[in-house]
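Sequential numbering of the sequence shown, starting at 1, is according to UniProt numbering.
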Amino acid sequence: MIAGTYRIKRLSTAEEAARIVDFFFSPDSFDDTRHTPGEEEHFKTLPFRAMRGESVFWYVTDEAGEVIGVNSIAENEQRTGGYSWDYIVVHRSHRGGGIAAALIESMMAYLRQIRARYVVTYTCDLPPYETIQRLFVKYGFRLAGRLPDYYYDGEDRLIYARSLN
Numbered sequence: 001m002i003a004g005t006y007r008i009k010r011l012s013t014a015e016e017a018a019r020i021v022d023f024f025f026s027p028d029s030f031d032d033t034r035h036t037p038g039e040e041e042h043f044k045t046l047p048f049r050a051m052r053g054e055s056v057f058w059y060v061t062d063e064a065g066e067v068i069g070v071n072s073i074a075e076n077e078q079r080t081g082g083y084s085w086d087y088i089v090v091h092r093s094h095r096g097g098g099i100a101a102a103l104i105e106s107m108m109a110y111l112r113q114i115r116a117r118y119v120v121t122y123t124c125d126l127p128p129y130e131t132i133q134r135l136f137v138k139y140g141f142r143l144a145g146r147l148p149d150y151y152y153d154g155e156d157r158l159i160y161a162r163s164l165n
């Protein structure tokens, strides 16, 4: 799939996984770089676990082949058609150009194809996360819950859900 001059690909090799890990830890990916120990572990391992079928990753490259966007989902532990949407991140200098929308559309097309029942996602409640909160609502997700002090003291986890039936 092409979004403008960008290519969306599905992760399939260790080299691609390593490039995604590098992007996750680059200064141009996440706005909040105070990652929890668990997030750091996810960033290092989830792309490689996708190669074993434990999750699905899409990534976007620019004309030079640099990773500038990533999106990932995984079926939940019940294996009954529910999915967890873990990470969507777009390079700072490429935001606002439709990359996130194209990644989400690729994800939703995949979920329709496999007849997924629902998607759950989450984010922090702090002001730097307001953009992603609005994005979730724009794509039909509803706020389903809040876990106080989840990430760190004073940082709640907001849980969003969308039925696909």
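Quick reminder that beta carbons are idealized off the backbone N, C-alpha and C, glycines included.
Residue i - DSSP class collapsed to helix/strand/coil
i, result
"D62", "coil"
"A3", "Below a pLDDT of 50, predicted positions are generally treated as unreliable, and A3, at 49, falls in that range; no measurement from the model is reported."
Cβ neighbours of residue i in the same chain (closer than 6 angstroms, five flanking residues each side left out)
i, result
"V90", "G69, I99 and A100"
"F136", "Y160"
Beta-carbon contacts of residue i that lie in its chain and below 8 angstroms, excluding the five residues immediately before and after
i, result
"L126", "D32 and E155"
"A50", "L11, A17, V56, F57 and S72"
"R146", "D125, D156, R157, L158 and I159"
"T5", "D62 and E63"
"R112", "L164"
"R142", "Y160, A161 and R162"
Contact set for residue i: own chain, Cβ-Cβ below 7 angstroms, skip 5 residues either direction
i, result
"I20", "L11, P47, F57, Y59, V67 and V70"
"T123", "Y129, I132, Q133 and L158"
"Y150", "D156 and R157"
"K44", "V21"
Pair within 8 angstroms by beta-carbon distance, residue i and residue j
i, j, result
"I159", "V120", "yes"
"residue 171", "D86", "Outside the shown range of the chain (1 to 165) lies residue 171, about which nothing can therefore be said."
"V110", "G82", "Strictly speaking, residue 110 in this sequence is Tyr, with Val absent from that position. No, they are not a contact pair."
"I104", "Y139", "yes"
Review point. Enumerated in chain order, which unbroken segments of the alpha helix (DSSP H) with a length of 4 residues or greater are wholly contained in the UniProt domain "N-acetyltransferase" (6 to 165)?
Key: 14 to 24, 37 to 50, 99 to 113 and 130 to 138
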